[in-house]
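First comes the structure, then the notes that go with it.
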Amino acid sequence: MLTLNIKEELNKTEEKTKIKVKDLNFYYGPKQTLKNISMDIYEKKVTAIIGPSGCGKSTFIRLFNRMDEFVLESKSEGEIIIDGKNILEKDTDLIDLRRRVGMVFQKPNPFPKTIMENIAYGLKVNGWKDNFQIETRVIDSLKKSALWEEVKYRLKENAYGLSGGQQQRLCIARCIAVRPEIILFDEPCASLDPISTAKIEELIMDLKKDYTIVIVTHNMQQAARISDYTAFFLMGEMIEYGLTKNIFENPKDKRTEDYITGRFG
Amino acid sequence: MYRYFEDEIKEVKEALLNMSLYVEDMIYNSVLALKTTDTDLSKKIIEEDDEIDKIEIQIDEKCTEIIMRHHPLARDLRFVLATLKINNDLERIADLAVDIAWRVIEISRGENGKIAQEIEGMGIKVKDMLRNSIKSLTEENYELAKEVITSDKEIDALKNGIIEEILRNTDKVNLRKNLSLILAVRHLERIADHCVNISEDVIYILKARVVKHHKENL
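Respectively, the protein sequence lines represent chains A and B. Just so we're aligned, residue 0 is where the first sequence starts under numbering that gives the first Met the number 0, counting upward by one. Just so we're aligned, residue 0 is where the second sequence starts under numbering that gives the first Met the number 0, counting upward by one.
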């Protein structure tokens, strides 16, 4: 089996596993959308998930903070172990899990509130009361998400007044304000222009110093540019997973090669 | 993303610069070894070649990675393409310095007198050509690249002069040794040709002009 080869290859590196996925299956009603997926996602690395539409990549990362809860008649089997605990178990504290595993979506989704309130929101939900502490954390998050210089005099303005790219960085700031350990990006640049995309990509490269990052992207060049590891999904199966350099330079599976060279279908 | 891309380009430039400094030393040491028939120094040069081969592969791999990750365009594309070729030229120059070192081992003893001094002079000129060709890259200096290309004529003339002189003084007794000297001069002249190639690639990077085989485009 191919996965064995890949595992051997991965074992050579000395990465620390942050998320361990074991024999994961997922069903929407009768339809199985994820088939027997096992992979290790490494701490403080960027892992990209690529594959054609409907291959299960978004479904896959949404399980990491249990967003599947919102889908009726869905069922998961297998394990997703984050720091030693299987988060698919019933007793998982979902509020805490979603603090630890933040998410940034395809379309920027700020709250219809001020820039300040957007970022302070997660802190308040987590019980923060001291305004000075909240403000300090808001400023820090804005700086880390490379937005501070653009909004420092506009903190009391509505977040909807920001450009698309700025809104997306605001969402990243909101996400990192609660100090997550893992950030999931679901096509974060899909609705952005090339300059905003470059800014977000640069930001992701900066963020990986502190966070474990998983990014779903349709854009293969983006995966090649920013990720350390890449997994290729096809019809619910993980076809190939390995160092980005190896996947893009010398993929082992013909299906991976066909997809990344645009010869698919 | 651009910041990270710039860093990677810079990294490649620095690696090329370091490699060229290393190769420059190899050229100089080879003509020095020839002048003093120093076989120990020659052996050292021959061993150093392994190091150059390793750096060559590293630079190739880095360029492949840049193409894979960043899909460079325009000037960046020209830079990566030209770097692959410059890398190859530097490695070939190192091989030629090694060839000169082998000629020294063939000669192995005895003084080479005035001729060796002339070869040393030529060697220093060739070494400077290499330095200037790489300098034209790091400083993005078109005029300097042009200068390297035009100075090749001078090296060719020097080569012809020195070979003539060796031939004039060749008899049955010193034929073998003089043949090695002629080959050493020929190796130096080839090094100069590679320096010209490097400068042509630098001009390609800077001006997007192909001056190879078309000196009128200079």
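In this text, a Cβ means the ideal position worked out from N, Cα and C, and glycines have one as well. Treat the numbers as computed from the prediction; the structure is a model and nothing was measured.
On a Cα-Cα basis, can you pick out the residue from the options that is closest to residue i?
i      : options                        : result
A:I118 : A:V70, A:K142, A:E248, A:I194  : A:K142
A:G55  : A:G235, A:E256, A:D205         : A:G235
A:G27  : A:T135, A:T58, A:D139          : A quick correction: the sequence has Tyr, not Gly, at residue 27 of chain A. The candidate whose alpha carbon is nearest that of A:Y27 is A:T58.
B:F78  : B:M18, B:K9, B:A191, B:G122    : B:K9
A:F104 : A:K15, A:V150, A:I214          : A:I214
A:D205 : A:F231, A:N218, A:A172, A:L233 : A:A172
B:A100 : B:I154, B:G122, B:L33          : B:L33
A:P179 : A:K128, A:Y152, A:R99          : A:R99
A:M38  : A:P51, A:P29, A:N24            : A:N24
B:L205 : B:H212, B:E142, B:L180         : B:E142
A:D139 : A:V177, A:P29, A:F110          : A:V177
A:K89  : A:F110, A:D67, A:P107          : A:D67
A:G241 : A:T32, A:V150, A:T46, A:D22    : A:T46
B:K124 : B:Y27, B:K12, B:L20, B:V11     : B:Y27
B:L182 : B:F4, B:C194, B:A115           : B:A115
B:D49  : B:S179, B:I165, B:A93, B:I118  : B:A93
A:G163 : A:E134, A:S195, A:F69, A:C174  : A:S195
A:E72  : A:F110, A:K30, A:G83           : A:K30
Since I believe residue j is in contact with residue i (beta carbons under 8 Å), could you give me their beta-carbon distance rounded to a whole number of angstroms?
i      : j      : result
A:N125 : A:R97  : The Cβ separation is near 11 Å, so there is no contact.
A:Q167 : A:P187 : 6 Å
B:I65  : B:A144 : The Cβ separation is near 22 Å, so there is no contact.
B:V22  : B:L89  : 5 Å
B:M67  : A:F247 : 5 Å
A:T243 : A:D257 : Contact doesn't hold; Cβ gap of about 18 Å is too wide.
B:D192 : B:D151 : 7 Å
A:K207 : A:K43  : 6 Å
B:V195 : B:T82  : Not a contact, Cβ separation roughly 17 Å.
In its own chain, which residues sit with a C-beta less than 6 Å from the C-beta of residue i, not counting the 5 before and 5 after it?
i      : result
B:K158 : V184, E188
A:D81  : The amino acid occupying residue 81 of chain A in the given sequence is Ile; Asp does not appear at that position. Once the five neighbours on either side are set aside, the close Cβ partners of A:I81 are I18.
B:L136 : V201
B:R74  : none
A:E14  : Y41
B:I197 : I85, D88, S132
A:I181 : V100, T211
A:T32  : F25, G55, T58, G235
A:M237 : I36, A230
Check whether chain A comes within 9 Å of residue i, counting only Cβ atoms and requiring the distance to be less than that.
i     : result
B:Y3  : yes
B:R68 : yes
B:E64 : yes
Hey, is residue i's beta-carbon within less than 9 Å of any beta-carbon in chain B?
i      : result
A:A223 : yes
A:E248 : yes
A:I16  : Reading off the sequence shown, one finds Thr at residue 16 of chain A, where the question assumed Ile. No - not a single Cβ of chain B is within 9 Å of the one on A:T16.
A:T243 : yes
A:E256 : no
A:M66  : no
A:Q165 : no
A:E148 : no
A:M237 : no
A:M204 : yes
A:A197 : yes
A:Q31  : no
A:Q220 : yes
A:E268 : This structure does not reach residue 268 of chain A, given that chain A is present from 0 up to 264, and the question cannot be answered.
Less than 8 Å between C-beta atoms, sequence neighbours within five positions excluded: which residues of the same chain meet that for residue i?
i      : result
B:V210 : I148, E199, I202, Y203, N216, L217
B:K42  : A100, I104
B:N86  : L15, M18, E55, I58, D59, C62
B:I45  : V97, A100, W101
A:P250 : F231, E239, E256, I259
A:K74  : F25, Y26
Does DSSP put residue i in a helix, in a strand, or in coil?
i      : result
A:Y228 : strand
A:N157 : strand
A:L33  : strand
A:L206 : helix
A:F152 : Phe is not the amino acid found at residue 152 of chain A; the sequence shown has Tyr there. Three-state DSSP puts A:Y152 in coil, outside helix and strand.
A:T58  : helix
A:N108 : coil
B:N86  : helix
B:D151 : helix
B:D170 : coil
A:V70  : coil
B:K164 : Here residue 164 of chain B is Glu; the residue named in the question, Lys, does not match the sequence. B:E164: helix per DSSP, three-state reduction.
B:I8   : helix
A:K21  : strand
Below 7 Å CB to CB, which residues in the same chain sit around residue i once its five sequence neighbours on both sides are set aside?
i      : result
A:K6   : Reliability of the predicted coordinates at A:K6 is poor, the pLDDT of 41 falling under 50, and no value is obtained from them.
A:L146 : Q165, R168, L169, A172
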